[in-house]
Amino acid sequence: MPTTHDWINNPLGVVEGMFAASQNNPNSGWEAKAVEFFKDHLKEKDAQTWVPSLNDVPLHYMKPNSLVKFRCLIQDMFDPEFYMGAYEAVDPSTKAKVLKCGKYKDVMECGVDLNSKNTVTAERQTFYCVPIPGESPWVKESYASSSQARVVPSTSYVPTRQKRSYEEDDDDMDTQPQKQREQHTGLQSPTEHHGNGECKRRETEAPSNQTAPASHLDLNFPLPGEKGPSCLVKVYAEWDGFKLNDTLEVYGILSVSPALSALAVEKDSSSSFLDPADSMETAEEQRVHCPPASLVPRLHMLYAKPLPHNNPLLPPTLEDSSAFLSSTLSEMAAVRAELLTYFTHILLGDALAAEYLILHLISNVYSRRDVLPLGKFSLNLSGCPTVSSYTERLYQVIQQLVPSSFYLAMSLQNMNQMKFVPKKDYVANRLVSGALQLAKHTSLFLDEIQLEQGQLDTTGVHNITALGNLISWQKVDYDFNYHQMEFPCNINVLTASEGRSLLPSDCQIHLQSQVAPPNMEEYLSSLHMHPQASQLNKFRMYLSVARLLDYSISDEMTKSVEDDFVDMRKDDPQSVSAEDLHSMLVVSRLLSLSLGLTSLCTDSWLRAKHIEVLRRSRVEQQKCLNGNEP
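Under UniProt numbering, the first residue of the sequence shown is numbered 1, with each subsequent residue one higher.
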């Protein structure tokens with residue numbers, strides 16, 4: 001690895017060089033060439049690991065105006081903004097006018113000629129991005145350990161503060177909750193200037209109260225207790241190709257200029273003397289859309305790649321790594337057998353429930369037909385013990401295996417008080433996040449054991465309805481006050497309950513414990529023991545690969561299934577319905593994928609029929625024991 005990467009340490013130098021060269025050739029297409037330059041360099045072997053990540057490195061260790069990356073979810077999309085793409089400024093030494101590039105910057109140089117005919121006004125879009133909600137600790141650790149970025153402060157860049165005004169930033173943050181202060185969001189602002197020609201006066205003479213609004217700044221994470229920085233991502237091209245809730249890895253130029261906070265405060269204080277009709281933004285909107293750069297850095301996007309998954313153990317796309325895929329497929333049956341044994345132990349010796357848990361974890365909405373999401377397989381695991389926090393331990397096991405997850409205790413307090421559905425705040429002109437604003441492939445664990453007797457209020461009823469819609473239709477209806485807007489999602493929902501869940505599900509399996517009650521406490525206390533790291537990684541890769549595989553059914557197999565369905569209905573047409581056939585097809589698809597098979601075979605179809613008969617008979621038996629529980 002080279003000792004210095006100028007394109008990482010000084011990407012603006014690359015951009016400005018191409019801009020200057022383009023002045024002699026207006027049709028050079030320098031902007032596209034600049035983006036291709038960085039794309040090409042990032043394709044080099046291990047090059048992406050050289051770029052420091054905002055997910056791993058505290059902001060105050062990041063060099064301003066350097067190239068960084070951010071693994072994130074688009075939580076909100078702000079209105080487009082205008083900026084000076086090119087402008088003339090007076091050179092302080094020669095007094096001559098020089099054409100400057102304003103792209104990928106937040107602050108212009110001093111001495112701008114606002115009346116110049118060479119000024120070019122351009123447009124860019126702003127996305128409010130947050131780390132992927134519920135990302136598992138093992139994922140964060142794996143990404144961080146694979147990084148080769150050099151972020152240790154050197155003699156040329158020491159993140160010390162020079163002005164009293166920035167020391168007061170930390171004092172202002174004393175009113176923040178302790179968790180938020182530990183989020184590595186860069187409470188110390190780097191003050192060393194790095195050659196982008198920004199106005200020195202604005203950077204070093206900012207008013208001491210410039211970050212006062214930060215004391216009550218809401219970083220708008222969808223899930224409670226989340227850590228990590230939020231970021232304003234500035235997008236310069238093809239922003240229509242991005243959607244709300246997309247997961248991305250963004251490569252861009254980091255901007256943390258203190259001048260941004262100073263200008264926001266100046267704008268906020270001056271607006272109080274203006275007629276509200278003269279201002280297009282409310283004070284609340286200004287605070288939300290221009291937070292302190294030391295808390296919410298700006299990232300000027302050069303390149304962003306969609307993330308089909310966020311499992312660091314897999315290549316970015318399976319299609320690009322045939323060797324990895326063929327090697328993994330050859331081992332899937334063996335890994336599945338090991339995982340089945342492990343889940344059987346976790347599920348109190350119930351091998352059938354373990355089988356269905358595997359199928360649930362690899363399920364994926366692969367297509368939509370009208371309003372029907374195809375491929376979903378929500379699971380209701382009923383019969384869960386109510387002792388020793390069994391459901392919480394079960395969630396911890398799942399969290400160790402999947403890249404993203406969230407545990408939701410369905411207590412009366414949570415149902416009545418939590419915000420599940422994102423809601424538009426028109427005063428601040430932002431989307432206030434909710435707990436169901438999750439990335440695709442997130443495992444949502446609903447603990448219904450925690451639901452006690454009591455009354456659901458209006459919020460609680462709306463939250464239960466939202467969960468039902470998520471499970472049944474894989475969609476969340478965001479609240480825009482005057483109307484609701486549907487947002488499709490792809491979330492694996494597992495509901496753990498004592499009896500049958502009050503929520504819908506695609507499949508209910510009643511847990512039949514093989515552990516004698518006197519030994520239950522001792523057995524449950526041993527469940528925290530995880531397999532070795534190497535075996536855990538095999539399970540993690542297995543579940544992600546099985547979920548991402550393509551699948552098809554041949555015409556011959558389709559005909560065979562149709563004939564079999566007719567035969568099953570011959571003796572008793574009421575014994576098997578079209579809905580039952582759909583369930584068996586879903587189960588047979590997941591069984592095939594769990595074995596590394598990308599097409600349906602006769603063995604998988606017969607196995608699916610068999611375990612479905614066992615499951616239904618168990619559910620019917622339980623209904624009888626409970627007096628025909630609905």
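Every residue gets a Cβ at the ideal spot worked out from N, C-alpha and C, and that includes glycine.
Predicted model only: the values in this text are computed from it and were never measured.
{"query": "Can you find the residues in the same chain that come closer than 8 Å, C-beta to C-beta, to Arg-618, ignoring five residues on each side of it along the sequence?", "result": "Leu-352, Ile-509, His-510, Gln-512"}
{"query": "Could you tell me the distance, in whole angstroms, from the CA atom of Ser-501 to the CA atom of Leu-467?", "result": "12 Å"}
{"query": "Measuring alpha carbon to alpha carbon, tell me which residue in Met-18, Glu-16, Ala-149, Gly-17 is nearest Val-68.", "result": "Ala-149"}
{"query": "With which residues is Ala-409 paired in a DSSP beta bridge?", "result": "Asp-447"}
{"query": "From this set, Gly-13, Pro-403, Asn-416, Phe-445, which residue's C-alpha is nearest Leu-394's C-alpha?", "result": "Phe-445"}
{"query": "What would DSSP say about Gly-252, mapped onto helix, strand or coil?", "result": "strand"}
{"query": "Alpha helix (DSSP H) containing Phe-127: first to last residue?", "result": "Here Phe-127 belongs to no alpha helix (DSSP H); instead the beta strand (DSSP E) covers 120-131."}
{"query": "Considering only residues of the same chain and omitting the five flanking positions on each side of Leu-329, which have a CB-CB separation below 7 Å?", "result": "Gly-596"}
{"query": "Compare the C-beta of Thr-49 against all C-beta atoms of chain C and say whether one is closer than 9 Å.", "result": "This model lacks chain C altogether; it includes just one protein chain."}
{"query": "Would you call the segment 459-474 and the segment 416-424 touching, i.e. three or more CB-CB distances under 8 Å?", "result": "yes"}
{"query": "Expressed to the nearest angstrom, what Euclidean distance is found between the alpha-carbon atoms of Leu-348 and Ser-388?", "result": "13 Å"}
{"query": "Restricting to Cα atoms, I'd like to know which of Pro-504, Leu-614, Leu-470 is closest to Asn-380.", "result": "Pro-504"}
{"query": "Hey, would you say Leu-536 sits closer than 9 Å to His-530, going by beta carbons?", "result": "yes"}
{"query": "Do the segment 83-97 and the segment 37-56 make contact, defined as three or more Cβ pairs closer than 8 Å?", "result": "no"}
{"query": "Taking the Cβ atom as the reference point for each residue, do Tyr-104 and His-300 lie within a distance shorter than 9 Å?", "result": "yes"}
{"query": "Can you list the alpha helix (DSSP H) stretches of 4 or more residues lying completely in the segment 346-416, in chain order?", "result": "351-361, 390-399"}
{"query": "Could you tell me which uninterrupted alpha helix (DSSP H) segments, each at least 4 residues in length, are contained entirely in the segment 501-580, listed from first to last along the chain?", "result": "520-525, 533-548, 555-571"}
{"query": "Apply the 10 Å Cβ neighbour rule to Thr-495 and answer buried if 16 or more other Cβ atoms are within range, or exposed otherwise.", "result": "buried"}
{"query": "When DSSP builds the beta bridges, which residues end up paired with Gln-484?", "result": "Asp-479"}
{"query": "Quick one: Cα of Ser-327 to Cα of Asn-118, how far?", "result": "58 Å"}
{"query": "Leu-339 by DSSP, collapsed to three states: which one?", "result": "helix"}
{"query": "Under a Cβ-count criterion, where at least 16 other Cβ atoms within 10 Å of its own Cβ denotes burial, should Met-410 be classed as buried or exposed?", "result": "buried"}
{"query": "Going by CA-CA distance only, name the one from Asn-220, Cys-489, Glu-109, Ala-237 that's closest to Pro-229.", "result": "Asn-220"}
{"query": "First and last residue of the alpha helix (DSSP H) that includes Phe-78?", "result": "Taken as a continuous stretch (DSSP letters only), Phe-78 belongs to no alpha helix (DSSP H), as it is neither H nor E."}
{"query": "Spatial neighbours of Leu-625 within its chain, please: C-beta separation below 7 Å, excluding the five flanking residues on both sides.", "result": "none"}
{"query": "Buried or exposed for Val-613, going by 16 or more other Cβ atoms inside 10 Å?", "result": "exposed"}
{"query": "Got a sec, what are the start and stop residues for the alpha helix (DSSP H) Ala-304 sits in?", "result": "Note, Ala-304: premise wrong, no alpha helix (DSSP H); beta strand (DSSP E) at 298-306."}
{"query": "So what's Phe-324 in DSSP terms, helix, strand or just coil?", "result": "helix"}
{"query": "Measuring straight from C-alpha to C-alpha, what distance separates Tyr-303 and Val-250?", "result": "6 Å"}
{"query": "Using a threshold of 9 Å, state whether the C-beta atoms of Pro-422 and Pro-291 are closer than that.", "result": "no"}
{"query": "Could you check what DSSP says for Arg-430 in three-state terms: helix, strand or coil?", "result": "strand"}
{"query": "Could you tell me if the beta carbon of Gln-396 falls within a distance shorter than 8 Å of some heavy atom in the ligand SAH?", "result": "With respect to the ligand SAH, the structure shown offers nothing to examine, as it has no ligands at all."}
{"query": "Quick one: using the 10 Å Cβ neighbour count with 16 as the cut-off for buried, is Glu-226 buried or exposed?", "result": "buried"}
{"query": "How about Pro-403 and Val-139: are their beta carbons less than 9 Å apart?", "result": "yes"}
{"query": "Just reading off the alpha helix (DSSP H) that Cys-624 is part of, what are its end residues?", "result": "602-625"}
{"query": "Closest to Glu-81 by C-alpha separation, out of Asp-555, Glu-579, Thr-121, Tyr-478, would be which residue?", "result": "Thr-121"}
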